[in-house]
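J.:
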């Protein structure tokens with residue numbers, strides 16, 4: 011049974027509209043009921059219905075000067091009215107009648123029902139009317155609020171039930187017709203080949219659907235761009251890996267057929283260098299693939315000043331061997347919440363990039379690293395006075411496998427700056443290239459949110 015009822019409970023737009031309509035009718039009904047109830051209470055306090063009855067009966071007594079005749083008329087009216095109330099079953103209790111001479115200041119009434127003497131405003135609606143020589147008093151039992159609400163609700167419910175289908179039908183037609191363009195859009199997407207990333211070519215008439223179609227076309231455009239980038243990346247990676255693998259194969263052949271120890275040592279050294287280049291390229295490709303996934307790591311409190319100090323301490327022996335001056339300007343400690351792996355990728359690749367390319371023809375050059383914190387901003391600068399990158403090529407320097415004119419003779423993969431840009435974007439920041447030290451070289455400026 012539960013399985014059969016499940017389709018009835020599935021969330022659909024039509025059911026949502028129907029539910030909203032029911033809720034609207036319930037709210038309207040409640041508001042109207044409250045207004046009717048307030049109006050009923052006000053009218054009964056200002057002029058209860060029994061007042062009209064009292065005035066009508068008093069008018070009929072105006073021409074009866076005899077007390078006995080007037081008493082009989084009131085008695086007959088009281089008997090008939092209360093009989094009708096009891097037969098109707100809607101009103102509880104009898105209406106109490108009291109008839110006095112209009113000019114009498116005291117004395118017994120001409121006629122009075124048994125409960126007339128005890129009737130009071132808290133339990134009854136009271137009415138008085140004068141007709142000729144007679145003063146008539148009526149007291150009708152008050153009806154409870156729940157009973158009044160029941161009467162008003164039943165009367166209002168019929169009107170709402172009549173109006174509901176008249177409102178629902180055109181609304182249902184509008185929703186059904188309005189869903190047709192969305193169904194056509196879904197059908198067009200479902201019939202598409204998985205390899206087809208061309209624009210949908212769907213122009214919906216409805217303003218509400220145009221953002222959806224435009225967003226889907228934009229997604230397809232981004233997927234096309236990403237696919238083109240991935241294909242180019244695979245081709246470039248295959249090309250870049252081909253060279254060190256060929257060198258490895260050649261040096262392995264020379265090592266196996268070396269005539270003496272000198273040739274063997276030379277081939278072994280060349281083989282080791284080719285293996286290191288292939289290993290470095292593979293590591294860079296894996297790092298870039300991880301950053302391209304777009305899933306940022308969990309931010310955590312990190313002492314970025316300590317990370318920079320550790321990175322430069324690791325680079326110090328290599329800088330010393332190359333005759334480079336390596337300096338750091340940073341606070342003793344600086345904590346920021348960020349993705350540690352992505353920040354280390356930025357830092358290590360910028361320092362490694364400087365060590366690889368600055369020494370080419372520039373013995374005695376400098377590399378200056380600066381770490382500073384602004385208002386909700388973390389800024390890392392890696393500056394050098396090496397060969398630099400011309401201003402017109404600085405944007406291209408972040409492309410995959412790009413190697414500038416000064417870097418063709420230096421060992422590297424051409425992926426370091428690409429990794430820096432991807433990692434900075436993953437951290438929510440950006441990287442740019444400025445002029446370097448003393449008007450030479452480059453300064454890589456990385457600005458990241460996460461401090462302050």
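Residue numbers (the numbering used here): 11 to 462. Glycine included, C-beta positions come from ideal geometry on N, C-alpha and C.
Under a three-way DSSP split, which group does residue 385 fall into?
T.: Residue state, collapsed to three classes: coil.
J.: DSSP three-state label for residue 235, please.
T.: The answer is helix: DSSP assigns residue 235 an H, G or I state.
J.: If we cut at 9 Å on Cβ distances, does residue 387 have a partner in chain C?
T.: Of the protein chains in the structure, only one exists, and it is not chain C.
J.: Do you know offhand how far residue 457's Cα is from residue 428's?
T.: Cα-Cα distance, rounded: 16 Å.
J.: Quick one: what does DSSP say residue 141 is sitting in, helix, strand or coil?
T.: Residue 141 falls in the strand class under three-state DSSP.
J.: Is residue 320 buried or exposed, if buried means 16 or more other CB atoms sit within 10 Å of its CB?
T.: With fewer than 16 Cβ atoms within 10 Å of its Cβ, residue 320 is classed as exposed.
J.: For residue 181 and residue 30, I'd like the C-alpha separation in whole angstroms.
T.: For residue 181 and residue 30, the distance between alpha carbons rounds to 11 Å.
J.: My understanding is that residue 454 touches residue 360, with C-beta atoms under 8 Å, so please give their C-beta distance in whole angstroms.
T.: Confirmed, about 5 Å.
J.: So residue 313 and residue 343 are in contact, right, with Cβ under 8 Å, and what is the actual spacing, rounded?
T.: With a Cβ gap of about 6 Å, residue 313 and residue 343 count as contacting.
J.: Below 8 Å on the Cβ atoms is my guess for residue 38 versus residue 105; work out the distance and round it to an integer in Å.
T.: Incorrect: roughly 36 Å between the Cβ atoms, too far for contact.
J.: Short of 7 Å in beta carbon distance, which residues of its chain neighbour residue 262, apart from the five on each side in sequence? Order them along the chain.
T.: These residues qualify, in order along the chain: 281.
J.: Quick one, are the C-beta atoms of residue 463 and residue 91 less than 9 Å apart?
T.: The question about residue 463 has no answer here: the residues shown for the chain are numbered 11 through 462.
J.: Take the Cβ of residue 451 as the centre, count every other Cβ of all protein chains shown within 10 Å, and call the residue buried at 16 or more, exposed below.
T.: Residue 451 is buried by the Cβ-count criterion.
J.: Below 8 Å, can you find three or more Cβ-Cβ pairs linking the region 151-158 to the region 171-190?
T.: No, because fewer than three Cβ pairs between the region 151-158 and the region 171-190 fall closer than 8 Å, the two stretches do not touch.
J.: Within the continuous alpha helix (DSSP H) that includes residue 362, where are the two ends?
T.: Here the alpha helix (DSSP H) through residue 362 covers 350-367.
J.: Can you tell me whether residue 431 is buried or exposed, with buried defined as 16 or more other CB within 10 angstroms of its CB?
T.: Result: buried.
J.: Excluding the five sequence neighbours on either side, which residues of its own chain have a C-beta within less than 7 Å of the C-beta of residue 363, listed in chain order?
T.: 426, 427.
J.: Can you tell me the Cα-Cα spacing of residue 350 and residue 386, whole angstroms?
T.: So the two alpha carbons sit approximately 17 Å from each other.
J.: Under the three-state reduction of DSSP, which class applies to residue 346: helix, strand or coil?
T.: DSSP places residue 346 in strand when its eight states are reduced to three.
J.: Determine, using beta-carbon pairs with one atom in the region 65-83 and one in the region 129-147, whether at least three such pairs fall under 8 Å.
T.: With the cut-off at 8 Å, the region 65-83 and the region 129-147 touch.
J.: Consult DSSP for residue 128 and reduce its assignment to one of helix, strand or coil.
T.: Reduced to three states, the DSSP call for residue 128 is helix.
J.: Quick one: residues in its chain with C-beta nearer than 6 Å to the C-beta of residue 122, no 5 flanking neighbours on either side, listed in chain order?
T.: Answer for residue 122: 108, listed in chain order.
J.: Assuming contact is defined by CB atoms lying nearer than 9 Å, are residue 391 and residue 379 in contact in what I supplied?
T.: In contact: residue 391 and residue 379 (Cβ atoms closer than 9 Å).
J.: My output table needs one value for residue 327: the three-state DSSP class, helix, strand or coil.
T.: Residue state, collapsed to three classes: helix.
J.: With 16 other CB atoms within 10 Å as the buried threshold, where does residue 193 fall?
T.: That one is exposed.
J.: DSSP on residue 121, reduced to helix/strand/coil?
T.: Residue 121 falls in the strand class under three-state DSSP.
J.: Using the Cα positions of residue 168 and residue 178, report the straight-line distance between them to the nearest angstrom.
T.: Straight-line Cα distance between these residues: approximately 16 Å.
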